[in-house]
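The end of the sequence shown is residue 260 by full-length UniProt numbering, with every number in the run present. Virtual Cβ for every residue (Gly too), placed ideally from N, Cα, C. Values in this document were obtained by computation on a predicted structure and should not be read as measured data.
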Amino acid sequence: MSDRSSSRPQDTLSSPDSSVSGLQQFIEANKLPKASNKSEDTHHLALQIAHNLRFQHNWTDVRLHYQSRREKGIASLPRPVISGLPPQRLYVHADEQVDLLQRQRREGKAGWPELASEREWVLPTQLGESWSLRRFAEVFDALSCIPPDKQGGPLFFEAESWSRSGITTQSQENSEARSSTPNRVIGPSQGTSKRTRTPPALSKDTSSTESGTGMPTTAAAPANPWRTSQPKRMLLASLDDDSTVVYYIIHDGLVKPRQN
1 MSDRSSSRPQ
11 DTLSSPDSSV
21 SGLQQFIEAN
31 KLPKASNKSE
41 DTHHLALQIA
51 HNLRFQHNWT
61 DVRLHYQSRR
71 EKGIASLPRP
81 VISGLPPQRL
91 YVHADEQVDL
101 LQRQRREGKA
111 GWPELASERE
121 WVLPTQLGES
131 WSLRRFAEVF
141 DALSCIPPDK
151 QGGPLFFEAE
161 SWSRSGITTQ
171 SQENSEARSS
181 TPNRVIGPSQ
191 GTSKRTRTPP
201 ALSKDTSSTE
211 SGTGMPTTAA
221 APANPWRTSQ
231 PKRMLLASLD
241 DDSTVVYYII
251 HDGLVKPRQN
């Protein structure tokens, strides 16, 4: 699967300086702390891919991870990865397709059912990089089968909606890669407002709100057994020199081919 799109976004995050693009503002607002031993290049690459996912492909709850699981014996990721929720399901296993169609028939329904979107891992890469099976295996070994909902650093909020109401918002600190104080304010283009409000997702209890929207969320749905019983998967995001991003779905091992 490939999906070509330009990561040169519209200026979704407004700034007093109209010459600064939304992507540049976003990178400036999510700087890697000086004390971090992580590579600034891979950090910026991950931010560029995350920005593309949010504003070109309408992903929500986009998060940055330097360690996928908080468990003993789990090594940190060799580079930052992204997790997020796409607007629709990206992958359906061949056996799951058969099961879904049989269920539709039993229930007297026709056509393809509506499927809930599933949270996905995304590995940011550049086109010129050389990847081996060993390097991919290192990433897969450090990832959980399903991205956790409440780990990693949330990156996006609906800044434009607060800007329209004259409220200045602060960027969410990355709990795994940033210092405790956000270092840039993203706010309305009409100067700085005297009022400052912390986005809903900054609250300590994030179980009742969806990151980036502040809207109530329902209880977590049970994990899809077709996903937990199959090889891990992630999206490989490949950034070209012309800012084009191509996405591929890759699996950790062999996957049954789709039936014709």
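Top-ranked residue by Cα proximity to residue i, from the options
i	options	result
residue 250	123, 100, 83 and 22	123
residue 234	48, 108 and 121	121
residue 139	125, 150 and 149	125
residue 36	25, 47, 49 and 66	66
residue 63	132, 83 and 77	83
residue 224	99, 150 and 252	99
residue 51	39, 25 and 32	25
residue 241	79, 28 and 128	128
residue 101	89, 114 and 23	114
residue 227	80, 119, 38 and 236	119
residue 47	245, 254, 155 and 238	155
residue 147	255, 112, 116 and 232	232
residue 247	255, 134, 104 and 56	56
residue 149	33, 222 and 255	222
residue 145	252, 22, 34 and 21	252
residue 135	236, 95 and 29	236
Endpoints, alpha helix (DSSP H) assigned at residue i
i	result
residue 27	22–29
residue 225	225–228
residue 133	133–142
Opposing strand residues paired with residue i [DSSP bridges]
i	result
residue 126	239
residue 85	60
residue 153	64
residue 121	83
residue 44	Answer is none; residue 44 lacks a bridge partner.
residue 249	235
Residue environment, residue i, which counts as buried when at least 16 other CB atoms sit within 10 Å
i	result
residue 130	exposed
residue 108	exposed
residue 58	exposed
residue 54	buried
residue 86	buried
residue 257	exposed
residue 238	buried
residue 110	exposed
residue 207	In this prediction, residue 207 scores a pLDDT of 33, lower than 50, which makes its location untrustworthy; the coordinate-derived value is nonetheless stated afterwards. Per the 10 Å Cβ criterion, exposed.
residue 61	buried
residue 80	buried
residue 153	buried
residue 199	Caution is warranted here: a pLDDT of 33 is assigned to residue 199, below 50, making its placement in the model unreliable, and the coordinate value is therefore given only provisionally. Flag for residue 199 reads buried.
residue 31	buried
residue 254	exposed
Residue i, enclosing beta strand (DSSP E) - first and last residue
i	result
residue 92	Where residue 92 is concerned, there is no enclosing beta strand (DSSP E), given that its DSSP letter is neither H nor E.
Beta-carbon separation (whole angstroms), residue i vs residue j, contact threshold 8 Å
i	j	result
residue 230	residue 44	The Cβ separation is near 33 Å, so there is no contact.
residue 77	residue 142	5 Å
residue 117	residue 89	6 Å
residue 245	residue 49	7 Å
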